[in-house]
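Everything on this sheet refers to the single structure shown next.
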Amino acid sequence: MKKAMKKLMVAGVLCMAGAAFLAGCGSDSSSGGKQFLNIATGGTAGTYYPLGGALAEILNQNIKGMNASAQSTGASVANVNMLKDGSVDIAFIQNDIAYYAANGKEMFKDNKVDSLRGLAALYPETVQFVTTQDKGIKTIADLKGKKVAVGASGSGAEANARQILEAYGITYNDIDVQYLSFGEAVDALKDGNVDAGVVVAGFPTAAVQDLAANKSAAIVDIDPKISDQLMQKYPYYTKMVIPKGTYPGQTEDVNTVAVKCVIVGTTKLSDEMGGEIVKALYTHLDRMKAAHAVGKYITKDTALEGMSIQMNAGAEKYLKSN
């Protein structure tokens, strides 16, 4: 009998431990216990990575018991899958990818992720069709017959590239498709192995700056009329202008489109912790501004603009407060 009771007690303890683990950072931060929070970012050459490091630092310094860490990942699509399997707690994701996942569309067709919850919308992620001056590419229409790095297969950038090309009446049958991440695309541009590549990130993007410093880089203009058509079909896009001088040798403004970077968690993250995370973030924006130039676009006033999925209730309450 005693042995049976002992086994039941052990099982109860294990169940409680398991429940605590599943709750993740949903436990009360005032309890003095450690809060472990894994933050999924993107590649080291992109924008998510430095911002994720800054966010981890903010949370560690301003939430009692917090032990947050940022990790380099394959960015938006990979981050959704990591949220789904519980290997990370929050992640930086494009708002279009979050929308696809929550609604079972595009690369998440037949693989809907119901558990996603938004924390905040941060800044515009600009779609940049990058080439070099020697290629003579002036418009998206000029990409027909060219070797184009459209992004890693199944990635957010690849979906953006396909949708924008489609708006110009161009299919993958009309180009020589190369499925490369934007870091790989920039390397291929340096070597002359592709004619253009798609980069989706806040500008200035480090990888594009590096290309411009080594070769005469150019960003291909997207016709605002085409942008209007694109936005009618895909409402998560917005118009964006990359001001002249953003990159070395850029002498004119460039018209393009953008999606929005959002921070996303899951239903495992408590409403209380969601509120604490966004409060810490929006009361310490100086650190985000120091981490990357896009930090200047991160404001509490715009934190709900472009949010394409259901919000974490605690985060929403804080963001709607005065």
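Residue numbers (my numbering): 692 to 1013.
We treat Cβ as the ideally placed atom computed from N, Cα and C, and that holds for glycine.
Taking residue i as the reference, give the member of the options with the closest Cα.
i     : options                    : result
L960  : S778, G845 and V877        : S778
I784  : K796, E748 and V771        : V771
A812  : D992, T974 and S1012       : D992
P934  : V804, G845, F894 and L871  : F894
A832  : V891, T764, I861 and V818  : I861
P939  : T896, Q923 and I989        : T896
D867  : S767, L834 and V899        : L834
G724  : N758, A736 and S844        : N758
I828  : I1000, S907, A747 and M922 : S907
G765  : A1006, S1012 and E875      : E875
V839  : A904, A852 and S846        : A852
I968  : A736, N729, T735 and L750  : L750
I1000 : A761, A792, Q726 and Y1009 : A792
L871  : S1012, Q726 and G734       : G734
N864  : K826, F873 and G836        : G836
Q762  : G756, N729, L856 and K755  : N729
Q824  : M922, N905, N1013 and A736 : N905
F873  : G847, D780 and I855        : G847
A736  : N1013, D780 and H983       : H983
Please return the same chain residues whose Cβ sits closer than 6 Å to the Cβ of residue i, not counting the five positions on each side in sequence.
i     : result
E849  : V841 and G842
P915  : N946
A782  : A731, N770, L774 and V955
Q819  : V890 and I910
G703  : Model confidence at G703 stands at a pLDDT of 46, short of 50, so the residue's coordinates are unreliable; what they give is reported in the following sentence. For G703, where only same-chain residues beyond five positions count, there are no Cβ hits under 6 Å.
T937  : F894 and P895
E1007 : none
G997  : N786, A812 and K951
Excluding five sequence neighbours on each side, which residues of the same chain lie with their C-beta closer than 7 Å to the C-beta of residue i?
i     : result
N1003 : R808, G809, L810, G956, L960, D962 and G965
N753  : A971 and H975
T958  : S806 and R808
I917  : A858 and Y859
E943  : K935
V985  : T738, Y814 and G893
Q920  : A858
Is the distance from the Cβ of residue i to the Cβ of residue j below 8 Å?
i    : j    : result
Q869 : I910 : no
R978 : E816 : no
L902 : V821 : yes
T830 : D912 : yes
Looking only at its own chain, which residues have a Cβ that is under 8 Å from the Cβ of residue i, when we skip the five neighbours before and after it?
i    : result
A981 : A745
G845 : V768 and M798
A994 : A811, A812, L813, V969, Y973 and L1010
Using a Cβ-Cβ distance under 8 Å, would residue i count as near chain B?
i    : result
K838 : As a matter of chain content, chain B is missing from the structure shown, which is built from one protein chain.
Point to revise | Inter-stretch contact (C-beta, 8 Å, three-pair minimum) for the stretch 927 to 935 and the stretch 949 to 967 | key: Yes, the stretch 927 to 935 is in contact with the stretch 949 to 967.
Practice item. Please confirm if the stretch 875 to 888 is in contact with the stretch 965 to 983, defined as three or more CB-CB distances below 8 Å between the two stretches. Key: Not touching, per the Cβ criterion.
Check your understanding: Is there contact here, the stretch 794 to 802 with the stretch 884 to 902, by at least three beta-carbon pairs under 8 Å?
Key -> No: the two stretches stay apart, fewer than three of their Cβ pairs being nearer than 8 Å.
Exercise for review: List in chain order: all unbroken alpha helix (DSSP H) runs of 4+ residues lying wholly within the stretch 877 to 952.
Suggested key: List check, alpha helix (DSSP H) in window: 897 to 905 and 915 to 924.
**Study point:** Sufficient close CB pairs (3 or more, under 8 Å) joining the stretch 786 to 799 to the stretch 739 to 746
**Key:** No: fewer than three Cβ pairs fall under 8 Å.
**Study point:** 3-residue-minimum beta strand (DSSP E) runs that sit fully inside the stretch 721 to 767, ordered along the chain
**Key:** Restricting attention to beta strand (DSSP E) runs no shorter than 3 residues, the stretch 721 to 767 encloses them at 726 to 731 and 757 to 762, ordered along the chain.
Exercise for review: May I have a chain-ordered list of the beta strand (DSSP E) segments no shorter than 3 residues that lie completely inside the stretch 778 to 848?
Suggested key: Counting only runs of 3 or more, we get 781 to 785, 807 to 823 and 838 to 840.
Review point. Can you give, in chain order, each stretch of the alpha helix (DSSP H) that sits fully within the stretch 944 to 1010 and has at least 4 residues?
Key: Scanning the stretch 944 to 1010 from its first residue to its last, the whole alpha helix (DSSP H) runs of 4-plus residues come out as 962 to 973, 976 to 982 and 1004 to 1010.
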